[in-house]
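Chemist: Pasting a structure here, questions to come.
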Amino acid sequence: MIRLVLRDLALAVRAGGGFGLGLAFFLIVVVLVPFAVGPETARLTAIAPGILWLGALLACLLSLDRIFALDYEDGTLDLLACAPIPLEGVAVAKALAHWLTTGLPLTLAAPVLGIFLNLPAGGFGWLVVSLALGTPALSVIGAFGAALTVGLRRGGLLLSLLVLPLYVPTLIFGAEVARRGAEGLAVQGPLLLLAGVTAGALALLPFAAAAALRINLR
Amino acid sequence: MSLWEYANPARFMGLSAKVLPVVAGLSLLCLGVGLVWGFFFTPDDYRQGATVKIIYLHVPSAMMAINAWVMMLVASLIWLIRRHHVSALAARAAAPVGMVMTLIALATGAIWGQPMWGTWWAWDPRLTSFLILFLFYLGYVALWEAIEDPDTAADLTAVLCLVGSVFAVLSRYAVNFWNQGLHQGASLSLDKEENVSDVFWLPLVVCIAGFVLLFLALVLVRTRTEIRARRLHALRLRARMG
Amino acid sequence: MPDLGKYAAEVYAAYGATFVLLAVLVALTWARAARIRRQLQQAEEERRHG
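Chains as they are written, first to last, in the numbering used here: chain A, 781 to 998; chain B, 857 to 1098; chain C, 1150 to 1199.
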């Protein structure tokens, strides 16, 4: 499994792997927002946590279809299915690799982009914490969606349609933590719920993803 | 004699052919009686005026929107566990009906909300969760349409239905939490129970029965169509081979 | 017609929207059912005679 993660990381970082694409997309979304809503500092401050969360979520969505599609096309996935590790493990490894190449960089980049949106000083810490807790859920839910649509030629748009409603709880709690953090309110409630959603998704969805993979490889 | 015998498509077709006219007739009767009763022979509410008449469409359709998903969940489980094709096809047949029910509930709610709340749409927890439910229906139907192989499609949509159900419930609570977080104290109460008296209640019950029967009739017709489509597909494949 | 007071437009709109949506659903269901039934009949005929 560790080998699988390392292999996916190597593939992602190599040229054409699309490693920087998510980050660039995140940057562009955040830069475009002030053009759309106007440059008033107060307004930007109010919406900064939400925009940063939404941007991170969309950037995450962008690279989901790569999780299984390439391996499906060149037959690697068939080999992995026959390998002595369970498919559930493959799903976890794939989701982990996806998080390491998108979720983690997005989390680290978010505070820098927060400066552009006049995020209050107290908000940076909770923004990073909420993204660090929430993006693993985004990756593992995305891995499930990617497993569902892996056999389809034009699965990308369908994948977004399937995954976006599943992202609702994570987005609500994650953005709530970031918002309360920015406004200096208590964050414990949404933070615990966000952690709960992530833990539940991490525990259950690899099984659903593996089931979907088995059906698609049949 | 057990329920599972109707997992045989031929038996199901035989039974449903007999049941369908009865269900369809009863649903038309109930809808006719309930809606005419509600529309013409109930008084206006002292606060809501004539808009109270919308309740006869809004409440039954909202109930069926949720019940349809529950039915899909049960049918998906039966398909995954016992591999009865009729069950998978019934789940597929129910999805568009549930989707339209969700749309009706949203539309009538918006039309009622405009004069009562002064807005078409508010990000109230209930409204929001219905919108999310609509998205779930959309994804489910789209996945069915996208996959060519019927058994793969049935399996994958069943898995999606299971996971989606968990997340739909989760979203319901998340949305509750979110809105309280935004609007502390300010609430748009949708609690209709308190001002529903018998005058409105009886025609409402008839309407609900009508919607349930209408849903049943539509699902039966659509399931029968899906079974026929499956057989047609098989016949065509055989013709091409031979 | 009952007197709907100042909310007549809303009530009619709600009933109208519902009936349109239900009519579309029933029509689509019906059309597909009829089409598939016809095609299946045709296919069965062909199999019997062909």
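We put the CB at the ideal spot given by N, CA and C, even for glycine.
Quick check on the DSSP output: the alpha helix (DSSP H) that includes B:Lys909 runs from which residue to which?
Modeler: Neither: B:Lys909 is in no alpha helix (DSSP H) and is coded neither H nor E.
Chemist: So, using beta-carbon positions, are B:Phe1056 and B:Gly894 closer together than 9 Å?
Modeler: Cβ distance < 9 Å, so B:Phe1056 and B:Gly894 count as in contact.
Chemist: For A:Ile921, which option in A:Glu956, A:Arg998, A:Ala992 has the closest C-alpha, if you only look at C-alpha atoms?
Modeler: Minimum Cα distance to A:Ile921 is reached at A:Ala992.
Chemist: Taking 9 Å as the threshold (beta carbon to beta carbon), is B:Ile988 in contact with chain A?
Modeler: Chain A contact via Cβ: present.
Chemist: Going straight from the alpha carbon of B:Asn1035 to that of A:Met781, what length do you get?
Modeler: If you take the alpha carbons of B:Asn1035 and A:Met781, they lie about 41 Å apart.
Chemist: Using only CA atoms, which one of B:Ala873, B:Gly890, B:Phe868 lies nearest to B:Leu1058?
Modeler: Nearest C-alpha to B:Leu1058: B:Gly890.
Chemist: Indicate whether at least one CB of chain C lies closer than 9 Å to the CB of B:Ile910.
Modeler: Output row for B:Ile910: interface = yes.
Chemist: Name, going along the chain, the residues of the segment 989 to 1021 of chain B whose beta-carbon falls closer than 8 Å to a beta-carbon of chain A.
Modeler: If the cut-off is 8 Å between Cβ atoms, the segment 989 to 1021 of chain B has Leu991, Phe992, Leu994, Gly995, Ala998, Leu999, Ala1002, Ile1003, Thr1008, Asp1011, Leu1012, Val1015, Leu1016, Leu1018, Val1019, Gly1020 near chain A.
Chemist: Tell me which residue opens and which closes the alpha helix (DSSP H) that A:Thr950 is part of.
Modeler: It spans 948 to 963 - the alpha helix (DSSP H) in which A:Thr950 sits, taken as one unbroken run.
Chemist: Quick check on B:Val926 - is its C-beta less than 9 Å from some C-beta in chain A?
Modeler: Not closer than 9 Å to any Cβ of chain A, the Cβ of B:Val926 fails to qualify, so no.
Chemist: Here's a check: name, in chain order, each residue in its chain whose Cβ is nearer than 7 Å to the Cβ of B:Pro952, leaving out the five neighbours to either side.
Modeler: Correct list, in chain order: Val997.
Chemist: If A:Thr856 sits next to A:Phe799, beta carbons under 8 Å apart, how far is it from one beta carbon to the other, in whole angstroms?
Modeler: With 8 Å as the limit, A:Thr856 and A:Phe799 do not qualify as a contact, their Cβ atoms being about 19 Å apart.
Chemist: Anyone know if the C-beta pair for A:Pro916 and A:Ala981 falls short of 9 Å?
Modeler: Cβ distance < 9 Å, so A:Pro916 and A:Ala981 count as in contact.
Chemist: Which stretch, first to last residue, makes up the alpha helix (DSSP H) that contains C:Arg1184?
Modeler: Segment 1157 to 1198, the alpha helix (DSSP H) holding C:Arg1184.
Chemist: Take every Cβ of the segment 999 to 1011 of chain B, pair it with every Cβ of the segment 928 to 948 of chain A, and state whether three or more of those distances are shorter than 8 Å.
Modeler: A contact exists between the segment 999 to 1011 of chain B and the segment 928 to 948 of chain A.
Chemist: Indicate the three-state DSSP secondary structure (helix, strand or coil) for B:Asp901 in the structure shown.
Modeler: Reduced to three states, the DSSP call for B:Asp901 is strand.
Chemist: Looking at the secondary structure, which residues open and close the alpha helix (DSSP H) in which A:Gly925 lies?
Modeler: 903 to 928 is the extent of the alpha helix (DSSP H) around A:Gly925.
Chemist: Between which two residues does the alpha helix (DSSP H) harbouring A:Thr825 extend?
Modeler: It spans 821 to 842 - the alpha helix (DSSP H) in which A:Thr825 sits, taken as one unbroken run.
Chemist: Please list, in chain order, all residues of the same chain as B:His941 whose beta carbon is under 7 Å from its beta carbon, the five residues on each side excluded.
Modeler: The residues are Pro865.
Chemist: So, at 7 Å on beta carbons, what are the nonlocal neighbours of A:Ile865 in its own chain, with the 5 sequence-adjacent residues on each side left out?
Modeler: If we look at A:Ile865 and ignore the five residues flanking it on each side, its Cβ neighbours are Met781.
Chemist: Pop quiz: B:Leu913 and B:Ile960 are said to be a contact at Cβ under 8 Å. What is the actual Cβ separation, rounded to whole angstroms?
Modeler: B:Leu913 to B:Ile960, Cβ: 7 Å. Contact.
Chemist: Look up B:Arg1094 in the DSSP assignment and say whether it is helix, strand or coil.
Modeler: Three-state DSSP puts B:Arg1094 in a helix.
Chemist: Would you say A:Phe987 touches the ligand FMN, meaning its beta carbon is less than 8 Å from a heavy atom?
Modeler: The ligand FMN is not part of this structure, which contains no ligands at all.
Chemist: Can you find a CB in chain C that lies within less than 9 Å of the CB of B:Leu1070?
Modeler: Closer than 9 Å to some Cβ of chain C, the Cβ of B:Leu1070 qualifies, so yes.
Chemist: Find the nearest neighbour of B:Ser917 within the set B:Val1022, B:Leu1060, B:Leu1026, B:Arg1094, judged by alpha-carbon distance.
Modeler: Comparing Cα positions, the closest option is B:Leu1060.
Chemist: Listed from N- to C-terminal order along the chain, which residues in the segment 984 to 995 of chain A have their beta-carbon within a distance smaller than 8 Å of any beta-carbon of chain F?
Modeler: Although the question refers to chain F, the structure presented lacks it and instead comprises the protein chains A, B and C.
Chemist: For chain B, check one thing: does any of its Cβ atoms lie closer than 9 Å to the Cβ of C:Arg1196?
Modeler: Yes, C:Arg1196 lies at the interface with chain B (some Cβ there is under 9 Å from its Cβ).
Chemist: Might you give, ordered along the chain, the residues of its own chain that have their beta carbon closer than 6 Å to the beta carbon of A:Pro885, omitting 5 neighbours on each side?
Modeler: So the qualifying residues of the chain are Leu803.
Chemist: Quick one: which chain B residues come within Cβ less than 8 Å of A:Phe924?
Modeler: Correct list: Val1019.
Chemist: Does C:Gln1188 get closer than 9 Å to chain B when you measure Cβ to Cβ?
Modeler: C:Gln1188 counts as touching chain B.
Chemist: Using the Cα positions of B:Met957 and B:Ala921, report the straight-line distance between them to the nearest angstrom.
Modeler: C-alpha separation (whole angstroms): 5 Å.
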